[in-house]
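S.K.: Starting off with a structure, shown below.
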Amino acid sequence: LFITVQALLTFKLYRYFYFRLFAILSILAIISSFLPYVDHIFNGFSAPQKRWHYLLAFSTSGLIALYVHYFLSLTKRTYILTSIPSMLIIIVSAILYKTFVIWLLWVPIVFIVGLVVLVLKHTQNRPNHLFTSCYSISIAVLMLLVSTVFTKNQIFHEDHESRANQDYIHKSLYNTPLQNELVNDMKQSKNTDERIDWRVNEQDNTPMYQNFKGLSLYSSIFDQELINLYYDHLMINLKEESVSRYQSTGGRANIASLLSVRYQMLKAYQDNLPDYFKLVRKSGQYRIYENEQMLPAVRVTNQYYDARELHTPIDREHAMIDGVILNHEGHPYQKTVKNLLKDTQVKAVNANWNGHQSIHIKKFTNSGITLHIPKPLQKKYDDFYVTLFVKRGAPDSNSTITVNGYQNHRLFNDSKYKTGQHHLLYRTKPNQNGDIHINLSPSGTYQFELK
């Protein structure tokens, strides 16, 4: 950064074609660094990521090389004047980010070496090539220091070092012979068009590296129709919020059958299993469950339903089972579900309502909202679906929505991985007291509305 800014401010060198070319490329790349849309483009129009900065490194490297090539043509005055804003940018950045890195100490040394070279260039018997080489070496040392600090903080930091090793890869947190054995057994017991719902903890690419037809993916590029299905049409809850993933069925049996899930494998401590999945095998900490209500992968139907007439995800889910949904064609779906909110008792627990759509959560455990389901409704229905609008207020932070033990981890509002989906759907069952408790944490204000 120090040498790049110096070079860009050395206007007398712009008369050289290649210097001007790399200067323009560097300026465009620097400006683009502040435009999130550019990051979107180079990340498949997904969450903005600086995955194109190799172009910035290339253009500035060419600029610095040409700056060194023409360095002896500079005056001491030009060199000093261009150094001032360069150093100010670095100092102000360090103060604002409250971060000190070792290469900051080397910047004054590079400046002094460059100044000495320019002072001595007019002496008799001047060894110009030696002076230029010394300046080049000082820049190279600076670049190595910057690269070392970047690599340590951004690549080989503590979390990566704990996972980037052979031992981690063969642990149950990632991949083991037993996991592969169980996956192979399930593959042999199912049809080719059926799926296995299994992820190693939150490793959404488990189906990819364990080689089976699964129900999760972590990627920067998705088919928009898949996103629409998960976010809008069926509102399948993602346990770990992120624009870069889709996963599982949210514990919904109908979704599992619609997506041809034959088996679901969980570790012993995991839950949120859909109904109508029976335990068929135990092995170590793993449990394999088989779907008892499989649907054929291909069906013939004469029932057509108009998508415009389907107003809830549950109605759409049922319509998909009974027939096929078309845009602008078909008839309205008749077996619509009833909204039971008016038949339940809603109570704030360790929380205060701030108007109709805002709630303040106090610093207590189990703070949130409790829905009490009357006994006649408990006897009538097996599953209950809670639909709500939740958005973190002040102070902004990551948050967790817990519905009768099921934890849904939500990102802070400005996160680049935030889905922007605040209308959420949870499948659950009342506890032994007939209650569904919605816990919000941490404490603070939330926009909140039951639907």
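Read left to right, the sequence shown gives residues 2 to 452 (my numbering). Just so you know, even glycine gets a beta-carbon here, dropped at the ideal spot from N, CA and C.
1) Between which residues of its own chain and residue 431 is the CB-CB distance below 7 Å, once the five residues before and five after are set aside?
2) Count the other CB atoms, across all protein chains shown, that sit within 10 Å of the CB of residue 275; report buried if there are 16 or more and exposed otherwise.
3) With a cut-off of 8 Å on the beta carbons, I'd call residue 56 and residue 30 a contact; round off their distance for me.
4) What is the rounded straight-line gap between the Cα of residue 79 and the Cα of residue 68?
5) Under 8 Å between the Cβ atoms of residue 349 and residue 370?
6) Express the C-alpha separation of residue 403 and residue 346 in angstroms, rounding to a whole number.
7) Among all the DSSP beta bridges, which residues are the ones paired with residue 438?
8) Apply the 10 Å Cβ neighbour rule to residue 457 and answer buried if 16 or more other Cβ atoms are within range, or exposed otherwise.
9) Between 137, 234, 244 and 99, which has its C-alpha nearest residue 41's C-alpha?
10) Can residue 87 and residue 64 be called in contact, C-beta distance under 8 Å?
11) Give me, in chain order, the residues of the same chain whose beta-carbon lies closer than 7 Å to that of residue 324; leave out the 5 immediate sequence neighbours on both sides.
12) Measuring CA to CA, which of 382, 357 and 353 is closest to residue 368?
13) How long is the line joining the alpha carbons of residue 98 and residue 150, rounded to whole angstroms?
14) Could you check what DSSP says for residue 350 in three-state terms: helix, strand or coil?
15) Are the beta-carbon atoms belonging to residue 401 and residue 426 less than 8 Å from one another?
16) Can you list, in chain order, the residues of its chain whose CB lies under 8 Å from that of residue 406, leaving out five sequence neighbours each side?
17) Starting from residue 41, follow the alpha helix (DSSP H) in both directions and report where the run begins and ends.
18) Within this structure, are the beta carbons of residue 441 and residue 326 separated by less than 8 Å?
19) Go through its chain and collect everything with a Cβ distance to residue 93's Cβ below 7 Å, but skip five positions before and after it.
20) Using only the alpha-carbon positions, how far apart do residue 214 and residue 196 sit?
21) Look at the alpha carbon of residue 201 and the alpha carbon of residue 49, and state the distance between them as a whole number of angstroms.
22) What are the boundary residues of the alpha helix (DSSP H) that includes residue 255?
23) Using DSSP with H/G/I as helix, E/B as strand and the rest coil, what is residue 46?
24) In the DSSP assignment, find the alpha helix (DSSP H) that holds residue 189 and state where it starts and stops.
25) Could you check which residue in 152, 439, 115 and 120 has the C-alpha nearest to that of residue 138?
26) So residue 262 is in the beta strand (DSSP E); what residue range does that whole segment cover?
27) If you follow the beta strand (DSSP E) that residue 360 is part of, which residue opens it and which one closes it?
M.R.: Straight from the coordinates:
1) Residue mapping note: residue 431 aligns to position 430 of the sequence shown, counting from 1. Excluding residues within five positions, the ones whose Cβ falls inside 7 Å are 374, 379, 385 and 437.
2) The residue labelled residue 275 in the question sits at position 274 within the sequence shown. With 16 or more Cβ atoms within 10 Å of its Cβ, residue 275 is classed as buried.
3) Here residue 56 corresponds to residue number 55 of the sequence shown, with the count starting at 1. Here residue 30 corresponds to residue number 29 of the sequence shown, with the count starting at 1. About 6 Å separates the beta carbon of residue 56 from that of residue 30, a gap short enough to meet the 8 Å contact definition.
4) Here residue 79 is taken as the residue at index 78 of the sequence shown, counted from 1. Here residue 68 is taken as the residue at index 67 of the sequence shown, counted from 1. One C-alpha to the other measures close to 13 Å.
5) Translated into the one-based positions of the sequence shown, residue 349 becomes position 348. Translated into the one-based positions of the sequence shown, residue 370 becomes position 369. In contact: residue 349 and residue 370 (Cβ atoms closer than 8 Å).
6) Start at 1 with the first residue of the sequence shown, and residue 346 comes out as number 345. Start at 1 with the first residue of the sequence shown, and residue 403 comes out as number 402. Approximately 19 Å between the Cα atoms of the pair.
7) Residue numbering aside, residue 438 sits at position 437 when the sequence shown is read from its first letter. Paired residue(s): 371.
8) Outside the displayed span of the chain (2 to 452) sits residue 457, for which this structure offers no information.
9) Within the sequence shown, the letter at position 40 stands for residue 41. Considering only alpha carbons, the answer is 244.
10) As a working mapping, residue 87 is identified with position 86 in the sequence shown. As a working mapping, residue 64 is identified with position 63 in the sequence shown. No, Cβ-Cβ distance for residue 87 and residue 64 is not below 8 Å.
11) Against the sequence shown, residue 324 aligns to sequence position 323. Cβ neighbours of residue 324 beyond the five flanking positions: 302, 304, 305 and 306.
12) Taking the sequence shown and counting its residues from 1, one reaches residue 368 at position 367. Nearest of 382, 357 and 353 to residue 368, Cα basis: 353.
13) Working through the sequence shown from its first residue, we reach residue 98 at position 97. Working through the sequence shown from its first residue, we reach residue 150 at position 149. Rounded to the nearest angstrom, the two C-alpha atoms are 15 Å apart.
14) For the purposes of this step, residue 350 is taken as the residue at position 349 of the sequence shown. Strand, per DSSP.
15) Locating residue 401 in the sequence shown gives position 400, where the first residue counts as 1. Locating residue 426 in the sequence shown gives position 425, where the first residue counts as 1. No, Cβ-Cβ distance for residue 401 and residue 426 is not below 8 Å.
16) Indexing the sequence shown from 1 puts residue 406 at position 405. Result list for residue 406: 272, in chain order.
17) Position 40 of the sequence shown, counting from 1, holds the residue named residue 41. For residue 41, the enclosing alpha helix (DSSP H) has its first and last residue at 37-42.
18) Mapped onto the sequence shown, residue 441 falls at position 440. Mapped onto the sequence shown, residue 326 falls at position 325. Remark: C-beta atoms of residue 441 and residue 326 do not approach each other more closely than 8 Å.
19) Sequence index remark: in the sequence shown, residue 93 carries index 92 (1-based). Cβ neighbours of residue 93 beyond the five flanking positions: none.
20) Numbered from 1 along the sequence shown, position 213 holds the residue referred to as residue 214. Numbered from 1 along the sequence shown, position 195 holds the residue referred to as residue 196. CA-CA distance, residue 214 to residue 196, rounds to 5 Å.
21) Here the question's residue 201 lines up with position 200 in the sequence shown. Here the question's residue 49 lines up with position 48 in the sequence shown. Their backbone Cα atoms lie some 27 Å apart in a straight line.
22) Taking the first residue of the sequence shown as 1, we reach residue 255 at position 254. Counted as a single uninterrupted DSSP element, the alpha helix (DSSP H) harbouring residue 255 occupies residues 254-259.
23) Here residue 46 refers to the residue found at position 45 when the sequence shown is read from its first residue. In the displayed model, residue 46 falls within coil according to three-state DSSP, outside both helix and strand.
24) Indexing the sequence shown from 1 puts residue 189 at position 188. Residue range 178-190 is occupied by the alpha helix (DSSP H) that includes residue 189.
25) Within the sequence shown, residue 138 is the residue found at index 137, counting from 1. Cα-wise, what sits closest to residue 138 is 115.
26) Within the sequence shown, numbered from 1, the residue matching residue 262 stands at position 261. Unbroken beta strand (DSSP E) run through residue 262: 262-268.
27) Looking up residue 360 in the sequence shown gives position 359. Here the beta strand (DSSP E) through residue 360 covers 359-362.
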